[in-house]
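Residue numbers (this note's numbering): 17 to 175.
Working notes, structure below.
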Amino acid sequence: MSVTIRPIEEDDREAVRKLLTDRWAGPEILLDDEMVDASKLPGFVALSEGELVGLVTLIKRPDEWEILTLDSLSRWGGTGTLLLNAVIEQARENGLKRLFVRTSNDNLDAFRFYQRRGFRLERIVQGVIDKERELKPDLPLRGDYGIEIHDEVLLARTL
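Below is the structure:
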């Protein structure tokens, strides 16, 4: 499968919104007690034969960028790495020195993915997911591996 990575364009917004709804139970992501509509953020899409097969959305701050969502529809196919590499390249071109991502304490696949690509565990904030669940009750109590979801883990990479 040949995959092309490019920045999100306005014509992509409907497909981006659908992917986020399918993968994240909606495009609205709770971040620091505020809802962020990830479908309106900048980022990159991965396309194969004109179809959306991956997506990364970013919160761009002056000193650092945060990866809010990263999804690949073809697990283990390299699409996530291609998306991450596009983010890293653009961040470096913009003179940034740091990227970070947050995940929940149960997300073992994210821990492996990001650490293998130079991210390091930086901080654990206990109880964040419990608090978010009060505002967004559809958040699950357990993850893919049966681990209870309570805490937020921040991973960061120096560029």
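We put the CB at the ideal spot given by N, CA and C, even for glycine.
>> So if DSSP puts residue 136 in a beta bridge, which residue, or which two residues, is it bridged to?
In response: As a position in the sequence shown, residue 136 is number 120, starting the count at 1. According to DSSP, residue 136 bridges with 172.
> So residue 102 and residue 21 are in contact, right, with Cβ under 8 Å, and what is the actual spacing, rounded?
Replying inline: On the sequence shown, residue 102 is found 86 positions in, with the first residue counted as 1. On the sequence shown, residue 21 is found 5 positions in, with the first residue counted as 1. Rounded, the Cβ-Cβ distance is 5 Å, consistent with contact.
>> Taking the beta carbon of residue 92 as the centre, do at least 16 other beta carbons fall within 10 Å, making it buried, or is it exposed?
In response: Within the sequence shown, the letter at position 76 stands for residue 92. Exposed, since its Cβ has fewer than 16 Cβ neighbours within 10 Å.
> Among residues of its own chain, excluding the 5 on either side of residue 167, which ones have a beta-carbon nearer than 8 Å to its beta-carbon?
Replying inline: Numbered from 1 along the sequence shown, position 151 holds the residue referred to as residue 167. Closer than 8 Å at the Cβ level, and outside the excluded window around residue 167, lie 120, 121, 140, 141, 142, 143, 144, 145.
> Which residue's Cα is closest to the Cα of residue 89: 24, 171, 35?
Replying inline: For the purposes of this step, residue 89 is identified with residue 73 of the sequence shown, where counting begins at 1. Comparing Cα-Cα distances from residue 89 to each of 24, 171, 35, the minimum goes to 35.
>> Pull the bridge partners of residue 88 from the DSSP assignment, please.
In response: Translated into positions along the sequence shown, residue 88 becomes position 72. Note: residue 88 sits in a beta bridge opposite 70.
> Counting pairs of beta carbons, one from the stretch 158 to 166 and one from the stretch 54 to 71, are three or more of them closer than 8 Å?
Replying inline: no
> Per DSSP, which one or two residues make a beta bridge with residue 23?
Replying inline: For the purposes of this step, residue 23 is identified with residue 7 of the sequence shown, where counting begins at 1. Per DSSP, the beta-bridge partners of residue 23 are 60.
>> Please identify the residue among 67, 80, 86 whose C-alpha is closest to the C-alpha of residue 55.
In response: Stepping through the sequence shown from its first residue, residue 55 is reached at position 39. For residue 55, the nearest C-alpha among the options comes from 86.
>> When you compare the CB positions of residue 115 and residue 77, do they come within less than 7 Å of one another, or not?
In response: Along the sequence shown, one-based indexing puts residue 115 at 99. Along the sequence shown, one-based indexing puts residue 77 at 61. In this structure, residue 77 does not lie closer than 7 Å to residue 115 by Cβ.
> For the putative contact between residue 80 and residue 112, defined by C-beta atoms under 8 Å, what is the C-beta separation to the nearest angstrom?
Replying inline: Within the sequence shown, numbered from 1, the residue matching residue 80 stands at position 64. Within the sequence shown, numbered from 1, the residue matching residue 112 stands at position 96. Contact flag correct, Cβ pair sits at about 6 Å.
> Of the choices 134, 132, 126, 131, whose alpha-carbon is the least far from that of residue 84?
Replying inline: The residue labelled residue 84 in the question sits at position 68 within the sequence shown. Answer by Cα proximity: 126.
> Among 156, 109, 68, 158, which has the Cα closest to the Cα of residue 18?
Replying inline: As a first step, residue 18 must be located in the sequence shown, where it is residue number 2. Measuring from the Cα of residue 18, the nearest candidate turns out to be 68.
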